[in-house]
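K.L.:
Numbering-wise (this note's numbering), the sequence shown opens with residue 242 and increments by one.
Mind having a look at this structure? Questions to follow.
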Amino acid sequence: MKSGIHPNYHEITVECQCGVKFATRSTYKEDELKVAVCSQCHPFYTGTSKFVDTTGRVDKFRKKYGLK
Ligand SMILES: [Zn+2]
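Structure follows, in structure tokens:
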């Protein structure tokens with residue numbers, strides 16, 4: 242455990258079961274993430290989009306249409 246106080250959007254290394262490693266940005270608290278599939282072995286997944294903080298998007302959506 243490093244900082245661990247609140248989610249920190251930072252660069253992490255993703256390691257896939259197929260052996261591919263790539264860097265992405267995530268709020269995931271670890272520096273390394275192991276996944277079952279990646280963009281290299283499964284075209285459906287774009288890799289990084291799986292780890293995007295979707296709650297941030299919802300919050301933006303609410304602010305855009307809920308406020309004012
Ligand atoms: Zn893979």
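Glycine is no exception: its CB is placed at the ideal position from the N, C-alpha and C atoms.
Only a predicted model underlies this, so the values are computations on that prediction, with no experimental measurement involved.
Starting from Lys-268, follow the beta strand (DSSP E) in both directions and report where the run begins and ends.
P.N.:
Sequence check: residue 268 is Thr here, not Lys. Per DSSP, Thr-268 belongs to no beta strand (DSSP E) and is neither H nor E.
K.L.:
Cβ of Val-255 within 7 Å of any heavy atom in ligand 1?
P.N.:
Flag unset: Cβ of Val-255 not near ligand 1.
K.L.:
Are the CB atoms of Leu-274 and Val-255 nearer to each other than 8 Å?
P.N.:
Yes, Cβ-Cβ distance for Leu-274 and Val-255 is below 8 Å.
K.L.:
Phe-259: buried (16+ other C-beta within 10 angstroms of its C-beta) or exposed?
P.N.:
First, the residue type needs correcting, since residue 259 is Cys and not Phe in the sequence shown. Cys-259 should be labelled exposed.
K.L.:
Evaluate Cys-257 with the Cβ neighbour count: other Cβ atoms within 10 Å of its Cβ, from every protein chain shown; 16 or more gives buried, anything less gives exposed.
P.N.:
Label assigned to Cys-257: buried.
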